[in-house]
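A.B. asks:
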Amino acid sequence: MIEIVSTGRKLKDAIDNGLKQLGKNLEEVEVEILDNGGLFRKAKVKIRVEGEREAISVSEIKIQPAKQNVEREEVKRERPTKYSEEAKRERPAKQIEEVKRERPGKERFEHKRESKYDGTKKERKEHKDNKALIKEVKAQPVEEKLEKREPRRYEPVTEEVANKAYAFVVELVTKMGVETEVTKSIEEGELKINLTASSSALIGYHGEVLDSIEYLTSYVINRESDKFYHVVINCNGYREKRKESLVALANKMAAKCIKVRHKIVLEPMNSTERKIIHSALSDNDQIITRSEGHEPNRHIVILCKKR
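Residue numbering for the sequence shown follows the working numbering, starting at 105 and increasing by one per position.
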């Protein structure tokens, strides 16, 4: 007869766990309820199976050591191994000599002592001069190696170029279906076109539409010319308002950087807006600003100087 005690969260779970352990059905066993369980205790049942013997566990089986075959052990001891003295005696002298020849000796490492350049004295001298030149270049500071990139120079805008840009902008806003008043002016050799519209459709989110109009206009007046003319397009005074908000943002983020002593990463901006941020924080001797990333995701990082 086999008896096991099974537990479960409920009475049914305890019976199912016991039947699963025995591999029996409910009709083939006798169940005795020891505990119905409750809120803080598990149900417990005892399950009996008549007419079967309890299986012997593996841990109870004692493994007896097998008898050693004395004759076989003696034969193994007498058999010469690969590294025994008898095997060395049986090995032919010719094989021993071949093994000695294969051993790494001084001859195999003599090539390391030889010079990489076995040419004439003139060639060796040139090689030394080249090595000295490489060391000298490596010793130079990075600032001397990098060529300073000069800012792009703008040519003064002529009346012909201004009329061409004005005509393009008028045609563009007309096709966009926005009623707009367009005016142009040349100030200090720079073309400025001002748009006055009843809606902000020509500005877009953070001036994206306005920047696109400015880019297209610049492309039209510069694509067939060797010179580069600069054009600025404004709408309803957006450029001035955006500059004020960027300066306020720069000062706020700089103060936060100094307070938390950790770098501050701003959202991606175009080159004009990044210049406004750099310029606004150029006089602050407690922080450093630099641009990172690639267009159109190039952004400004504000760093706190080490004390």
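Backbone N, C-alpha and C fix where the C-beta goes; we use that ideal spot for every residue, glycine too.
1. Would you kindly check if the distance between the Cβ of isoleucine 380 and the Cβ of isoleucine 391 is under 8 Å?
2. Per DSSP, which residues does aspartate 139 bridge with? Please list them.
3. Is the Cβ-Cβ distance between glutamate 283 and serine 302 less than 8 Å?
4. To the nearest angstrom, report how far apart glutamate 285 and valine 364 are at their CA atoms.
5. Could you check where the beta strand (DSSP E) with arginine 378 kicks off and where it finishes?
6. Which residue wins for smallest C-alpha separation from lysine 409, given the options Glu399, Arg378 and Asn388?
7. Helix, strand or coil, according to DSSP, for alanine 301 in the structure here?
8. According to DSSP, is asparagine 338 part of a helix, a strand, or is it coil?
9. Check whether the Cβ atoms of alanine 269 and leucine 295 lie closer than 8 Å to each other.
10. Please identify the residue among Glu263, Asp117, Leu126 and Gln125 whose C-alpha is closest to the C-alpha of asparagine 140.
11. Relative to the alpha-carbon of glutamate 259, which residue among Asp315, Val135, Ser322 and His310 has its alpha-carbon at the smallest distance?
12. Report the rounded CA-to-CA distance for valine 273 versus glutamate 328, giving the unit in angstroms.
13. Around the Cβ of glutamate 318, are there at least 16 other Cβ atoms within 10 angstroms (buried) or fewer (exposed)?
14. Given this structure, state the Cα-to-Cα distance separating serine 349 from isoleucine 362, to the nearest angstrom.
15. For leucine 314 versus isoleucine 337, is the C-beta distance shorter than 8 Å?
16. List the endpoints of the continuous alpha helix (DSSP H) containing glycine 122.
17. On the criterion of 16 or more Cβ atoms from any shown chain inside 10 Å, does serine 110 qualify as buried, or is it exposed?
C.D. replies: The structure says:
1. no
2. Lys148
3. yes
4. 48 Å
5. No beta strand (DSSP E) holds arginine 378; the alpha helix (DSSP H) holding it covers 375-384.
6. Asn388
7. strand
8. strand
9. yes
10. Asp117
11. Ser322
12. 18 Å
13. buried
14. 20 Å
15. yes
16. 115-126
17. buried
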